[in-house]
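Working notes for the structure below.
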Amino acid sequence: MPMCTTTHSEVSEATKASLFTGSDLKQFQRDGFVIVRGLVSDEQCKHMLAIAQQHLEQQIEPVEYEADLHYPGSPASRSIQGGKTIRRLLQAYSRAPVFAQWVSSAALQGRLKQLIGGRIVMPLAHHNCIMTKHHEFSSDTGWHQDIRYWSFQKSDLITAWLALGSEYKENGGLRVIPGSHRATIQDYQRDDAQFLRTDLAENQRLINKSIDIHLEAGDVLFFHCLLLHSANRNRTEKNKTSAVFTFRSADN
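Once you know that position 206 of the sequence shown is 206 in our numbering, the rest is easy, because the numbers rise by one and skip nothing.
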């Protein structure tokens with residue numbers, strides 16, 4: 001049987017498909033985020049979404065409830081209507097092989113190495129989740145930087161946010177402030193929960209530069225953990241679901 005061979009051009013094209021372009025990298029450095037459209041196949045997205053829906057319906061732990069967050073719009077407690085609405089299915093990596101396959105894929109790992117370098121590690125806490133916004137019981141997430149969730153030597157952590165369906169302003173899609181990963185945010189500019197205070201004029205000047213992120217199923221938003229971002233509650237009649245993982249270098 002003849003041996004299967006791969007030409008240099010085929011290898012080159014395969015490698016290119018797993019990497020950011022030069023303009024992608026420039027945008028990330030400038031804005032703190034970049035979107036890769038259609039990075040994950042429809043089949044893989046549908047598989048992930050089906051698992052997420054099953055686990056949401058069956059309330060498969062570990063989970064985080066909207067009521068636990070006490071964000072604007074969330075149910076006041078677990079005991080009232082909507083109180084058992086799940087905000088996050090935690091530990092997504094171990095929920096089904098399809099999530100581990102995505103995390104270890106060349107399309108993701110190749111790009112992460114461009115941004116972080118070295119051996120890539122995925123923290124298991126906080127992100128590593130399936131993020132949802134329920135169409136009836138969801139909340140507003142204030143302006144924040146994800147670095148508030150961790151304590152590492154360096155702030156070079158990257159989140160890969162995979163949309164499993166359409167995401168836009170009306171259903172709780174992300175809003176970001178381009179370039180805010182390079183801004184110096186003082187302690188007084190944040191409230192006790194580490195959200196950006198909206199009552200300060202200097203913060204409003206930052207917020208006025210924000211843009212809405214529109215994603216379709218299979219699109220991946222890569223963003224720096226210092227990028228200021230927020231999200232409204234879901235005001236549509238359909239749930240929104242995303243797979244979210246954060247990464248760092250092993251030497252951090």
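Backbone N, C-alpha and C define an ideal beta-carbon position, used for all residues, glycine too.
Annotation: W102 to H224 spans about 19 Å, alpha carbon to alpha carbon. Cα atoms of V220 and H70: separation of roughly 28 Å, rounded to the nearest angstrom. As the crow flies, the alpha-carbon of S242 is around 18 Å from that of Q58. If you look at R111, you'll find it in the alpha helix (DSSP H) that goes A106 to L115. Rounded to the nearest angstrom, the gap between the Cα atoms of L124 and M48 is 18 Å. The continuous stretches of alpha helix (DSSP H) do not include L200, and DSSP gives it neither H nor E. Assigned with DSSP and collapsed to three states, W161 falls in strand. With contacts defined as CB atoms closer than 9 Å, L108 and F28 fail to qualify as a contacting pair. By the neighbour-count criterion, in which a residue is buried when 16 or more other Cβ atoms sit within 10 angstroms of its Cβ, D199 is exposed.
Annotation for G118: S249, A250 and D251 place their beta carbon closer than 8 Å to its own, counting only its chain and skipping 5 residues before and after. Residue K133 holds the alpha-carbon nearest to the alpha-carbon of I86 among G173, K133, I80 and A106.
Burial state of Q145 is buried, judged by a 10 Å Cβ sphere holding 16 or more other Cβ atoms. The DSSP-derived three-state label of W143 is strand. Counting the other Cβ atoms within 10 Å of the Cβ of N208 gives fewer than 16, which makes it exposed. In the same chain as N203, and ignoring 5 residues on each side of it, the C-beta atoms closer than 8 Å to its own belong to W143, Q189, L196 and R197, in chain order. Shown here, I86 sits in a strand according to DSSP, grouped into three states. Here S230 is bridged, per DSSP, to R175. The criterion of a C-beta distance shorter than 9 Å is satisfied by W150 and H126.
Each residue's CA atom was taken as its position, placing V34 and S166 some 17 Å apart.
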